[in-house]
Amino acid sequence: MRRPRLFWRIAVTYLVVVVLCTSAIGLLAVRSTRDFYLDHTENELKARAALVRVQVAPLLRGAGAGEIEGLVRGLGSASGTRITIIAGEDVPGLPLGRVLAESAMPPTEMESHRDRPEFQAALRGETGRAIRYSSTLDEDMMYVAVPVASGRPGGSGPVAVIRAAVPLATLDHALASLYWRIGLTALVVALVAALIGLYVTGRITRQVHEVEEGAKAFAAGDFSRKLVVPRTEEFASVAESLNAMADDLDEKIRTVTRERNEREAVLVSMIEGVLAVDSEDRILALNGAAARLLGTSRHDAIGHSIQEIVRNPELQRVIAATLAGDRPVEAELTLRVGAADHILQAHASLLHGEDDDGAVGAVVVLNDVTRL
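In the numbering used here, the protein residues as written are 438 to 809.
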């Protein structure tokens with residue numbers, strides 16, 4: 438299964454965060470803007486209702502219904518506001534909540550408003566506000582109602598309630614363009630943030646990729662390559678550590694190679710045959726002199742058992758005795774090399790590992806004493 442790349446892990450996470458934050462901010466901006474406009478509209482309606490109250494209040498105490506209705510229709514048409522005059526508690530002969538005048542419809546065609554929440558608030562001397570669907574006008578409306586004081590000593594409550602209303606369709610239409618601008622701004626901000634995030638993510642993943650390529654080169658044995666140390670503290674620390682590790686490994690490998698070459702040179706220059714086997718009689722190493730005495734080559738012998746390379750029971754007994762004991766073994770043996778027999782002086786001892794944790798095999802030195 439293919440593992441996901443670090444770039445896409447970081448990028449997708451960042452983009453999700455950007456989208457969520459931008460969406461949350463956009464929704465908050467839309468809600469705050471709508472609330473602001475509703476409050477602004479309420480204050481305007483309240484101001485219009487107060488102006489109507491100043492003109493209508495004297496008429497309520499003496500003028501006829503026709504004069505009030507004409508005034509209301511004129512004010513409503515001039516201000517673009519639906520204005521309703523509703524009978525209050527201190528109106529003799531009129532039921533509470535009856536519509537006295539209306540700018541949009543004949544009062545006789547309208548039902549009682551005594552249960553409307555904005556009317557009830559105005560009866561308590563407060564400014565009433567309500568948003569609801571109007572079955573009369575077939576659209577959502579905002580209503581604001583203010584009381585008209587009785588003006589008579591001992592009056593039990595407002596003589597009337599003046600209600601001003603506007604359709605929310607007008608407000609929604611005005612907000613629609615604002616919502617569009619908010620949404621477009623949020624989209625631009627999200628895109629800019631996304632591009633910045635992708636750029637930063639790309640820089641991070643490039644540094645990770647450079648470290649990865651350097652580590653692969655080191656693993657392949659190429660210690661000549663050095664990682665560029667970035668300015669970011671964390672990546673700089675990793676790069677410096679890897680470079681230091683590469684230098685240390687390169688030095689150790691050079692040292693091991695030099696020591697191995699020195700040993701090889703010593704073995705090659707020796708006239709005696711040197712043979713090393715492990716605990717299972719497999720040949721670990723031998724020099725050229727030993728290869729000639731055994732009638733084989735170093736390439737063919739290393740890794741094979743001594744029994745496969747040379748069938749000489751005396752040599753095999755020397756090796757077995759060395760591996761079984763803890764003391765050096767010396768013996769004289771006859772080994773046939775080509776068509777002639779050679780007399781060899783064999784000196785064998787245990788071969789210990791680097792940590793001196795016990796014998797790992799045996800080393801045998803073969804000295805040809807045939808001509809002596």
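Yeah, the Cβ is synthetic: ideal placement off N, Cα and C, and Gly gets one too.
Alpha-carbon spacing of residue i relative to residue j, whole angstroms
{"i": "Ala776", "j": "Gly732", "result": "11 Å"}
{"i": "Arg662", "j": "Val675", "result": "15 Å"}
{"i": "Ala761", "j": "Leu788", "result": "12 Å"}
{"i": "Leu452", "j": "His610", "result": "32 Å"}
{"i": "Val625", "j": "Gly634", "result": "14 Å"}
{"i": "Ala757", "j": "Leu803", "result": "16 Å"}
{"i": "Ile641", "j": "Ala673", "result": "12 Å"}
{"i": "Gln557", "j": "Arg551", "result": "7 Å"}
{"i": "Ala652", "j": "Tyr616", "result": "53 Å"}
{"i": "Val806", "j": "Ala768", "result": "12 Å"}
{"i": "Ala654", "j": "Glu701", "result": "29 Å"}
{"i": "Leu612", "j": "Leu457", "result": "23 Å"}
{"i": "Thr450", "j": "Ala630", "result": "13 Å"}
Best match in the options for proximity to residue i [C-alpha to C-alpha]
{"i": "Leu621", "options": "Gly463, Ala796, Gly790, Gln782", "result": "Gly463"}
{"i": "Ala799", "options": "Leu686, Asp715, Trp617, Gln753", "result": "Asp715"}
{"i": "Val489", "options": "Gly795, Val585, Arg764", "result": "Val585"}
{"i": "Thr669", "options": "Ala654, Ile505, Val645", "result": "Val645"}
{"i": "Thr759", "options": "Arg773, Ala785, Leu770", "result": "Ala785"}
{"i": "Ala448", "options": "Ser614, Thr638, Leu512, Arg748", "result": "Thr638"}
{"i": "Gly658", "options": "Ala683, Leu679, Glu671", "result": "Ala683"}
{"i": "Asn680", "options": "Ile708, Glu649, Leu560", "result": "Glu649"}
heavy atom of the ligand COA below 6 Å from residue i C-beta
{"i": "Ile739", "result": "Questions concerning the ligand COA fall outside what the structure shown contains, since it holds no ligand whatsoever."}
C-beta contact flag for residue i and residue j at 7 Å
{"i": "Ile599", "j": "Ala486", "result": "yes"}
{"i": "Glu481", "j": "Arg566", "result": "no"}
{"i": "Pro595", "j": "Gly525", "result": "yes"}
{"i": "Ala713", "j": "Ala727", "result": "no"}
{"i": "Asp687", "j": "Phe660", "result": "yes"}
{"i": "Leu433", "j": "Val711", "result": "Outside the shown range of the chain, which is 438 to 809, sits residue 433, and nothing can be said about it."}
{"i": "Asp778", "j": "Ile743", "result": "no"}
{"i": "Met578", "j": "Ala601", "result": "no"}
Local conformation of residue i per DSSP, three classes
{"i": "Ile520", "result": "strand"}
{"i": "Ala757", "result": "helix"}
{"i": "Ser540", "result": "coil"}
{"i": "Val665", "result": "coil"}
Whole-number beta carbon distance between residue j and residue i, since they are thought to touch under 8 Å
{"i": "Leu537", "j": "Pro543", "result": "Wrong, their Cβ atoms sit about 12 Å apart, outside the cutoff."}
{"i": "Ile520", "j": "Val509", "result": "5 Å"}
{"i": "Met547", "j": "Glu555", "result": "Met547 to Glu555, Cβ: 15 Å. No contact."}
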